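S.K.:
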Amino acid sequence: MSGVEILPLEIIDKTVGQPVWVMLTSHREFAGTLVGFDDFVNVVLEDVVEYDRDSEVKRHAGKMLLSGNNIALLVPGGKPDAQ
Amino acid sequence: MSTGNGTVTTASSEFLSNIIGKPVVVKLHSGMLYQGTLESIDGFMNVALNQATEHYESEKNGLLYRYDGDVFVRGTQVLYISEA
Amino acid sequence: MSEPSNQHQKRKFEGPKREAIINLGKYTDKHVRVKLMGGRLVVGVLKGYDQLMNLVLDETVEYMRDEEDDTVIKKDSTRELGLVVMRGTMLLTLSPADGSECIVNPHLE
Numbered sequence: 001m002s003g004v005e006i007l008p009l010e011i012i013d014k015t016v017g018q019p020v021w022v023m024l025t026s027h028r029e030f031a032g033t034l035v036g037f038d039d040f041v042n043v044v045l046e047d048v049v050e051y052d053r054d055s056e057v058k059r060h061a062g063k064m065l066l067s068g069n070n071i072a073l074l075v076p077g078g079k080p081d082a083q
Numbered sequence: 001m002s003t004g005n006g007t008v009t010t011a012s013s014e015f016l017s018n019i020i021g022k023p024v025v026v027k028l029h030s031g032m033l034y035q036g037t038l039e040s041i042d043g044f045m046n047v048a049l050n051q052a053t054e055h056y057e058s059e060k061n062g063l064l065y066r067y068d069g070d071v072f073v074r075g076t077q078v079l080y081i082s083e084a
Numbered sequence: 001m002s003e004p005s006n007q008h009q010k011r012k013f014e015g016p017k018r019e020a021i022i023n024l025g026k027y028t029d030k031h032v033r034v035k036l037m038g039g040r041l042v043v044g045v046l047k048g049y050d051q052l053m054n055l056v057l058d059e060t061v062e063y064m065r066d067e068e069d070d071t072v073i074k075k076d077s078t079r080e081l082g083l084v085v086m087r088g089t090m091l092l093t094l095s096p097a098d099g100s101e102c103i104v105n106p107h108l109e
């Protein structure tokens, strides 16, 4: 294991406190501020907008614990044109 | 950082311990949404709610059921737990 | 009394498992095409990875799918995601994108 320049979990760690866009294996997506995460990449988000196929499903004012079980992609910087 | 030792730690466990007794919404992978008071929760995201209401996807879609007692939700089916 | 041999077997089995079966290092800074569980398809430049096959992709593009049929990828409908982290647990296939192209389905006509 040499020559590894960027570690995925390091990227996630750097986006704590910043907007993030989380995409599940399904068509569901979450855009909010990353509060933290754990070893399983369960994710705690804040001020979340929940989407299904790009259409807004629900807004969450407080914090949310999102199960890492179905998280496929995390996009630091958040969802463009969100909020 | 990436040394999983079988327990849910840090951000998630802190969140969980802070929201016990508070109103929460829990969504399952199926899209069912449960809103109620969080009685208890564990590291598997098993959840016990009190005075819960059941909706599909969002409260906007109407009330499906009102539970007067406790509701237990299996952790494997939980998509998220959110402050109501 | 089968436990000791059982444990021995387990240790033997887990030994070589730690080594990744493919060295992703040779794909760094190259375009890779990644399929994910659930049907998502992304193409991006591999910037990093870890032992669990979590990936860091840059200039990532996601290929959108048909609204009616999830299995159909719309060839010219994409969205730019930029820098992303992909969960290794959700990785289905990974292949170099450069030098690959779509061909016409030879079974049609």
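Quick note, the sequences are listed as chains A, B and C, same order.
If you read the first sequence in the numbering used here, its first letter stands for residue 1, the second for the next number, and so on.
If you read the second sequence in the numbering used here, its first letter stands for residue 1, the second for the next number, and so on.
If you read the third sequence in the numbering used here, its first letter stands for residue 1, the second for the next number, and so on.
Here a beta-carbon is modelled for each residue, glycine too, at the ideal position from N, C-alpha and C.
None of the values given here were measured: they were computed from a predicted structure.
1) At the level of alpha carbons, what is the spacing between G36 of chain B and V47 of chain B?
2) Please compile the residues from chain A whose C-beta is within a distance smaller than 8 Å of the C-beta of E83 of chain B.
3) Per DSSP, F30 of chain A forms a beta bridge with which residues?
4) Which residues in the same chain have their Cβ closer than 6 Å to the Cβ of R59 of chain A, if we skip the five residues on either side of it in sequence?
5) Could you check if D81 of chain A is buried or exposed, using at least 16 other CB atoms within 10 Å of its CB as the buried criterion?
6) With respect to the beta strand (DSSP E) encompassing A61 of chain A, which residues constitute its N-terminal and C-terminal limits?
7) Quick one: measure Cβ to Cβ for L38 of chain B and I19 of chain B, integer angstroms, because I've assumed they're closer than 8 Å.
8) Does the Cβ-Cβ distance between N70 of chain A and T25 of chain A come in under 7 Å?
9) Determine, using beta carbons only, whether T25 of chain A comes closer than 7 Å to chain C.
10) Using only CA atoms, which one of A:D39, A:D38, A:S55, A:W21 lies nearest to A31 of chain A?
11) Can you pull out the residues from the stretch 14–39 of chain A whose beta carbon lies closer than 7 Å to at least one beta carbon of chain B?
12) In the DSSP assignment, find the unbroken alpha helix (DSSP H) run with L16 of chain B in it and report its ends.
13) Span of the beta strand (DSSP E) holding I103 of chain C?
14) Among C:V45, C:Q51, C:L52, whose alpha-carbon lies nearest the alpha-carbon of E59 of chain C?
15) How would you list, in chain order, the residues of chain B whose beta-carbon sits under 9 Å from the beta-carbon of V49 of chain A?
16) What does L79 of chain B touch in chain A if you count any residue whose Cβ is under 9 Å from its own?
17) Just to make sure I have the definition right: I need the residues of chain B whose C-beta is within less than 8 Å of the C-beta of V57 of chain A. Which are they?
18) Does any residue of chain C have a CB that is nearer than 7 Å to the CB of E5 of chain A?
19) Report yes or no: do the stretch 49–63 of chain B and the stretch 33–45 of chain A share at least 3 C-beta pairs separated by less than 8 Å?
20) Alpha carbons only, please: which of C:L92, C:V56, C:S95 is nearest the one belonging to I11 of chain A?
21) With H, G and I counted as helix, E and B as strand and the rest as coil, what does DSSP make of E51 of chain C?
22) Taking the beta carbon of I81 of chain B as the centre, do at least 16 other beta carbons fall within 10 Å, making it buried, or is it exposed?
23) If you run the structure through DSSP and keep just helix, strand and coil, what is I21 of chain C?
24) Please tell me whether M1 of chain C has its Cβ less than 7 Å away from any Cβ of chain A.
25) If I measure Cβ to Cβ from G75 of chain B and keep anything under 6 Å in the same chain, skipping five residues before and after, which residues do I get?
26) Establish whether the CB of M1 of chain A and some CB of chain B are separated by less than 7 Å.
M.R.: Per the coordinate set shown:
1) Translated into positions along the second sequence, residue 36 of chain B becomes position 36. Translated into positions along the second sequence, residue 47 of chain B becomes position 47. Here the C-alpha atom of G36 of chain B lies approximately 11 Å from the C-alpha atom of V47 of chain B.
2) For the purposes of this step, residue 83 of chain B is taken as the residue at position 83 of the second sequence. Here the neighbours are H60, A61, G62, K63, M64.
3) Counting from 1 along the first sequence, the entry for residue 30 of chain A is found at position 30. Beta-bridge pairing links F30 of chain A to A:V22, A:E50.
4) Counting from one through the first sequence, the residue named residue 59 of chain A turns up at place 59. V49, listed in sequence order.
5) For the purposes of this step, residue 81 of chain A is identified with residue 81 of the first sequence, where counting begins at 1. It is exposed - the Cβ of D81 of chain A has fewer than 16 other Cβ atoms within 10 Å.
6) By 1-based counting over the first sequence, the position of residue 61 of chain A is 61. From DSSP, the beta strand (DSSP E) with A61 of chain A extends over 55–66.
7) Working through the second sequence from its first residue, we reach residue 38 of chain B at position 38. Working through the second sequence from its first residue, we reach residue 19 of chain B at position 19. Right, their Cβ atoms sit about 6 Å apart.
8) One-based indexing of the first sequence puts residue 70 of chain A at position 70. One-based indexing of the first sequence puts residue 25 of chain A at position 25. With respect to the 7 Å criterion, N70 of chain A and T25 of chain A are classified as neighbours on the basis of their beta carbons.
9) Position 25 of the first sequence holds residue 25 of chain A. Output row for T25 of chain A: interface = yes.
10) Along the first sequence, one-based indexing puts residue 31 of chain A at 31. The shortest Cα separation from A31 of chain A among A:D39, A:D38, A:S55, A:W21 belongs to A:W21.
11) The stretch 14–39 of chain A vs chain B, Cβ under 7 Å: V35, G36, F37, D38, D39.
12) Here residue 16 of chain B refers to the residue found at position 16 of the second sequence. Secondary structure note for L16 of chain B: its alpha helix (DSSP H) is the uninterrupted segment 10–18.
13) On the third sequence, residue 103 of chain C is found 103 positions in, with the first residue counted as 1. In the DSSP annotation of this structure, I103 of chain C is not part of any beta strand (DSSP E), being labelled neither H nor E.
14) Taking the third sequence and counting its residues from 1, one reaches residue 59 of chain C at position 59. Per the Cα distances, C:V45.
15) For the purposes of this step, residue 49 of chain A is identified with residue 49 of the first sequence, where counting begins at 1. Here the premise fails: no neighbours, minimum Cβ distance about 12 Å.
16) To locate residue 79 of chain B, count along the second sequence from 1; it is residue 79. The answer, in chain order, is L24, R28, L66, S67, N69, N70.
17) The residue given as residue 57 of chain A occupies position 57 in the first sequence. Counting only Cβ-Cβ distances below 8 Å, V57 of chain A has contacts in chain B at E57, S58, in chain order.
18) Residue mapping note: residue 5 of chain A aligns to position 5 of the first sequence, counting from 1. Yes - at least one Cβ of chain C is within 7 Å of the one on E5 of chain A.
19) No, the stretch 49–63 of chain B does not touch the stretch 33–45 of chain A.
20) Residue numbering aside, residue 11 of chain A sits at position 11 when the first sequence is read from its first letter. Residue nearest to I11 of chain A within the set C:L92, C:V56, C:S95 is C:V56 (criterion: CA-CA distance).
21) Counting from one through the third sequence, the residue named residue 51 of chain C turns up at place 51. The identity of residue 51 of chain C in the sequence shown is Gln, whereas the question assumes Glu. Three-state result, Q51 of chain C: coil.
22) Locating residue 81 of chain B in the second sequence gives position 81, counting from the first residue. So I81 of chain B counts as buried.
23) The residue labelled residue 21 of chain C in the question sits at position 21 within the third sequence. Looking at I21 of chain C - three-state DSSP - the assignment turns out to be coil, as it is neither helix nor strand.
24) As a working mapping, residue 1 of chain C is identified with position 1 in the third sequence. Any reading at M1 of chain C must be qualified, since the residue scores a pLDDT of 48, below 50, and its modelled position is unreliable; the value itself is stated next. In terms of beta-carbon proximity, M1 of chain C stays away from the interface with chain A, with every pair separated by 7 Å or more.
25) By one-based count along the second sequence, residue 75 of chain B stands at place 75. Excluding residues within five positions, the ones whose Cβ falls inside 6 Å are F44, M45, N46.
26) Position 1 of the first sequence holds residue 1 of chain A. Note that M1 of chain A has pLDDT 46, beneath the 50 cutoff, so the model's placement of it is unreliable and no number is given.
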